[in-house]
Amino acid sequence: MAATTPPSSSHGHGAAAMLCLLLPLLLLSFLLLAPTTGTAAEMFVKNGSSCIAAERDALLSFKAGITSDPGRLLRSWRQGEDCCQWYGVRCSARTGHVLKLDLRNRFYDADVESENLVHWLTGKISSSLVSLRHLKHLDLSDNVLGGHMPMPEFIGSLKSLTYLNLSRMDFSGRLPPQLGNLTKLVHLDIHTDYVFPTYTYSSDISWSDISWLPSLHSLEHLDMSGMDLSMATDWVRSVSTLPNLRVLYLGFCGLNSSIPSLARHHNLTVLQELDLIDNPFSSPAAPNWYWGVTSLKSLTIPYCGFTGPFPDELGNLTKLETLDMGYNNIEGMIPSTLENMCSLRMIGHEYNDISGDMTDLIERIPKCSWNSLQDLFLDGTNLTSTTLKSLLNLTALSRLHISSNHLSGSVPVEIGKLKNLTELLMSDNSLSGVISEDHFSGLGNLKAIHLSDTYLQLVVDSDWEPPFNLTTFSACHLGQQIPNWLRRQSNISYLSISDAGLIGTIPDWFWATFSNAQVLDLSYNQITGELPPNMEFMSVTALYLQSNGLTGSIPQLPRNIVFLDISKNSLNSQLPSNFGAPYLQFAGLFSNRITGTIPDPLCRWTQLRVLDLSNNLLTGRLPDCGRDEVKQRNLSSNNSSRVSSANSDILEIHTLLLNNNSLSGGFPLFLKRCRNLMFLDMTQSRFSGKLPEWISEDMPRLIMETKVPGFISTGGESDQTYYKHTPPTT
C-alpha cells in the first residue's frame, strides 16, 4: 500500500478537531440507520469486555493448534483480553457471542509467486470451534490448516453457520456428509486449486455421495470447483433441489455425465450463474438440462468437449449476459434464434469450428444487444470475410479477439470510433494494408494490440504520441527501426516484435523503457550490435532474441529469467563465470560462436530442463559438479523459497545438446544426477573413455537415441552407434 502524505500541522489539527465533532454524529447515524435485527446489527461490537469466557477459551484452543503465523495475525489473541476485539473476530453487540471468524489469507493472489504468500496460517483446525454455537460466518480460506487430511467432521456441528469458506486449503480424502447438517448455510465455498486448462483431474478431495446436498435448502452460493466429482453421477438432480441457488461453480471437477432436461418440478428458478468449465462431458451440446434454466445470466461451459451444432435452445436464455462456450468441438454458425437475448455483454465462441462469414455471424447477434455487447471472443473459429466493417455495429466493444481466422482485406479506419476498446487482437489472419495514426485516434483505452502474423503495416510519424498506454503489444511489420512511440509505452509487460522487418541495432532507450517487462520477443529480425551489459537488473522472465545478427559477449542474465533463446546469432565470447539464473528452465544458445569452457554454475541450475549449446566453439571438460558445487547449490536454494531444496543432488535437465563443439574428457559424471534425462547428444566432439554402467540404472527415462563416437562401452568394444535405453512398459 502506498504511503499517504501527512497534512501540514495547521490543517492536521483542524481536521482532527472536525473529526472529533463528526464522529459522534456518524456513530449515531450508523445506529439509527442500521437494521435492528440480523447480522449487521449484531456484529457492531460495543466497547468494554463483551467476550464470553468459554468462547474466548475456544478461540485460544484454536490458536494453540496454529504452528506457524508468519504474518502475526493472531498476535492480539491473548488470555484475559476481550476476544471480540481480536483480529478476525466479530461478536454480537447485544449478547457478546462470537458471530464471525474471518482468518482468510488476504494476501493470497493466484498470480503471485509462492514466496509472496508468507501470511498463511499453518497447523490444524481445532475442534474447540464447536463451542462457538452462535457462529454464523467462518472463513479460513487460503491457509494451510488441512494437514492433507479429510475435512473435519465437526465442521458439520457448527449449525448456526450461514457462510462457510474453506477453499484452497490442503484437505484430502472425502468430504464429510456432516456438512448436510448445516441447514442454514447460504454460502458454501470449498473449491480447490486447479490447473487451467486440463482434462486431467488429480484433486485430493473426492465426492461421490451427494445425498446430503439437498438438506442445504437455504443455499444460494455453491463453489466446489477443482474437486473430483467424477463418481457423482446424480449431481444434476441433487443441485436442482436447491430452491434458492443463485450461483453454482463446478468447474474442473471431472464431471462426465449430465441429463438432457430437468423435471418440471425442478427448483432452479433463480439460478443466475452456472460455471462448468473444463469437465469432460464429450457429448452433444444439446439437449442439456441448463438450456431450460431461463433465469441464467451467466453460462460458462468452455473446455467441455461438446460436439454438434450450436443449440437452438440458446434463444431460451433471454436474460443471459455472459455466454462462454469456447474451446469445444461445436460446428456451424450460431443459430438465428437469439433475437430476444438483449442483455448480452460477453460472447465467447473461440476455437469452435464456426466456418462461416463474419458478417453473417454479426447479423445473428441480436441487434438489441449491439450497443451493449462488450466482449467478443472469436479466435480460431475458421471465420472468413473480406471486410471487418460489420464489427463497427458493436459500438460498446471493449475486448475484440478475432485472431487465427481467415480474415482478409484492410482494417477500416472507423475502428477508431470504438472508443471503449481495451483489447484488439487480430493476429494470424490474411489482413493487409496500412494501419495509421487515424485508426487509433479515438482508442485512448487500449491496453492490448496483437497484429502479428498478418500482412499489415503500421505506418505512423516518427513523433507520433499514441493516445493509449499499452500493457501488451504484438507487432506487425513496423519498418526497419524500432519506432520511437514505443519509448512512451513503459507499462508494457508483453512485447513481441518478432519477424517485424527490423534492421540494425536496438536503441539504448529500449532496454531502459522495458526494464520491467516480463516477456520480450525480438526474434527473426536482422538486429545487429551487442546485448547491454546490465541485463541482470531487468525483470524479464522470457527473452527471445533468436535468429538475428547479434555479436559480442553474453552478459549476466536477469535474475528472474525462466526462458532464454539467443540461438542463431553470432555471439563470440566465453560464457561468463557466473552465467545462469536460479529459475532458468530453458536455455537455447546453439549456433553461435561461443568459446571457452562451460562454467561450473551449470551444477547450480536446479530448475534447468533444456540446455542447448550445440554448434559452438566450446572446449575443455564439462564441470564435474562435485560436493562443493552441491553445497553452493543448497545455499542458493536456502536463499530462495521458489527453488526447492528437496532432492538437492538431482538436476532436472531432460534435454542436453552439446554436439558440434570441441569438448573433451570422459563421460560427464554430473549426468548421474540427471535422473530425468531424456535426450542427450554429444556427437562431433572429442569425448573419450568408457560408458559408465549406471546409465541404464540412473537414467530410466533416457529413451532417445544418443550417438557418442569415441566412447568405449562397458564391455570393452568401441561404441560407434547410438546408445538407447528403453524402460519397461509394465
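For the sequence shown, the positions run -41 to -1, 1 to 689 when mature numbering (1 follows the signal peptide of the UniProt record, and there is no 0) is used. Don't be surprised by glycine CBs; every beta carbon is placed ideally from N, CA and C.
(message) Among the candidates Leu534, Lys95, Trp444, whose CA atom is the shortest distance from the CA of proline 560?
(response) The shortest Cα separation from proline 560 among Leu534, Lys95, Trp444 belongs to Leu534.
(request) Just the C-alpha distance for aspartate 412 and arginine 205, rounded to the nearest angstrom, thanks. (result) 43 Å
(message) Could you check whether asparagine 247 and serine 217 sit closer than 7 Å to each other, using their CB atoms as the reference points?
(response) yes
(request) Please state whether DSSP places aspartate 193 in a helix, a strand or coil. (result) coil
(request) Just the C-alpha distance for asparagine 635 and threonine 510, rounded to the nearest angstrom, thanks. (result) 34 Å
(message) Measuring straight from C-alpha to C-alpha, what distance separates tyrosine 542 and serine 433?
(response) 25 Å
(message) Beta-carbon within less than 6 Å of phenylalanine 549's beta-carbon, same chain only, minus the 5 sequence neighbours each way: which residues are those?
(response) So the qualifying residues of the chain are Ser526, Asp571, Ser573, Asn574.
(message) Please identify the residue among Leu141, Lys143, Leu97, Leu80 whose C-alpha is closest to the C-alpha of aspartate 129.
(response) Checking every option, the nearest Cα to that of aspartate 129 belongs to Leu80.
(request) Measure the Cβ-Cβ separation of leucine 504 and leucine 481 and say whether it is below 7 Å. (result) yes
(message) Can you find the residues in the same chain that come closer than 6 Å, C-beta to C-beta, to leucine 615, ignoring five residues on each side of it along the sequence?
(response) Leu570, Leu639
(message) Rounded to the nearest angstrom, what separates leucine 617 and serine 389 at their Cα positions?
(response) 40 Å
(request) Entirely within the stretch 241 to 286 and at least 3 residues each: give me those beta strand (DSSP E) ranges in chain order. (result) With a minimum length of 3 residues, the continuous beta strand (DSSP E) runs that stay inside the stretch 241 to 286 are 257 to 259, 266 to 268, 281 to 283.
(request) Give the straight-line distance between the Cα atoms of serine 623 and glutamine 643, rounded to the nearest whole angstrom. (result) Cα-Cα distance, rounded: 11 Å.
(request) Could you spell out the range, first to last residue, of the alpha helix (DSSP H) harbouring lysine 59? (result) First-last for lysine 59: 57 to 61, but that is the beta strand (DSSP E), not the alpha helix (DSSP H).
(request) For leucine 410, name the three-state secondary structure that DSSP assigns. (result) Residue state, collapsed to three classes: coil.
(request) Leaving aside the five residues before and after cysteine 633 along the sequence, list all residues of the same chain whose C-beta is less than 6 Å from its C-beta, in chain order. (result) Contacts found: Leu610, Ile612.
(request) In the DSSP assignment, find the unbroken beta strand (DSSP E) run with glutamate 290 in it and report its ends. (result) 288 to 290
(request) Determine the burial state of isoleucine 313: buried for a count of at least 16 other Cβ atoms within 10 Å of its Cβ, exposed for fewer. (result) buried
(request) Please report how far the alpha carbon of leucine 227 lies from the alpha carbon of serine 498, in whole angstroms. (result) 49 Å
(message) From the DSSP secondary-structure annotation, give me the bridge partner or partners of histidine 501.
(response) What sits at residue 501 in the sequence shown is alanine, not histidine. According to DSSP, which records beta bridges pairwise, alanine 501 is partnered with Val478, Phe522.
(request) Thinking methionine 494 and proline 466 are a contact (beta carbons under 8 Å), I'd like their distance in whole angstroms, please. (result) No, methionine 494 and proline 466 are not in contact; Cβ-Cβ is about 15 Å, not under 8 Å.
(request) Closer than 6 Å by C-beta to proline 462: which residues in its own chain qualify, once you throw out the five before and the five after it? Chain order, please. (result) Just to set this straight, residue 462 is isoleucine in the shown sequence, not proline. Within the same chain, isoleucine 462 has close Cβ partners Gln439, Gln485.
(message) When you compare the CB positions of methionine 385 and serine 344, do they come within less than 7 Å of one another, or not?
(response) no
(message) Looking at the secondary structure, which residues open and close the alpha helix (DSSP H) in which arginine 49 lies?
(response) Not the alpha helix (DSSP H): arginine 49 falls in the beta strand (DSSP E), residues 48 to 50.
(message) Report the CB separation of leucine 258 from leucine 230 in whole angstroms; it is logged as a contact under 8 Å.
(response) Contact flag wrong, Cβ pair sits at about 10 Å.
(request) Could you pull the start and end residues of the alpha helix (DSSP H) that threonine 318 belongs to? (result) Counting along the chain, the alpha helix (DSSP H) containing threonine 318 begins and ends at 317 to 323.
(message) Please return the same chain residues whose Cβ sits closer than 7 Å to the Cβ of glutamate 309, not counting the five positions on each side in sequence.
(response) Hits under 7 Å: Gly285, Tyr286, Phe336, Leu337, Asp338, Gly339, Thr340, His360.
(message) On the CB-based measure, 16 or more other CB atoms within 10 Å of its CB, does glutamate 656 come out buried or exposed?
(response) exposed
(message) Less than 6 Å separating the Cβ of tryptophan 36 from some heavy atom of the ligand FAD?
(response) The ligand content of the structure shown is nil, which means the ligand FAD is not present either.
(request) Quick one: using the 10 Å Cβ neighbour count with 16 as the cut-off for buried, is lysine 326 buried or exposed? (result) exposed
(request) Return helix, strand or coil for arginine 358, following the three-state DSSP convention. (result) strand
(request) Would you mind reading off the limits of the alpha helix (DSSP H) that contains phenylalanine 538? (result) Counting along the chain, phenylalanine 538 falls outside any alpha helix (DSSP H), and DSSP gives it neither H nor E.
(message) I'd like to know whether the C-beta atoms of leucine 502 and leucine 530 end up nearer to each other than 7 Å.
(response) no
(request) For histidine 93, I'd like the list of residues in its chain whose CB is within less than 8 Å of its CB, leaving aside the five on either flank, ordered along the chain. (result) For histidine 93, the CB contacts under 8 Å within the same chain, skipping 5 residues up- and downstream, are Ser51, Thr54, His56, Val57, Leu58, Ser119 in chain order.
(request) Hey, could you find the ends of the beta strand (DSSP E) serine 621 is sitting in? (result) 621 to 624
(request) Can you give me the Cβ contacts of histidine 150 inside the same chain, cut-off strictly under 8 Å, excluding the 5 residues immediately before and after it? (result) So the list reads Ser126, Arg127, Asp182, Met183, Ser184, Gly185, Met186, Tyr208, once near-sequence residues are dropped.
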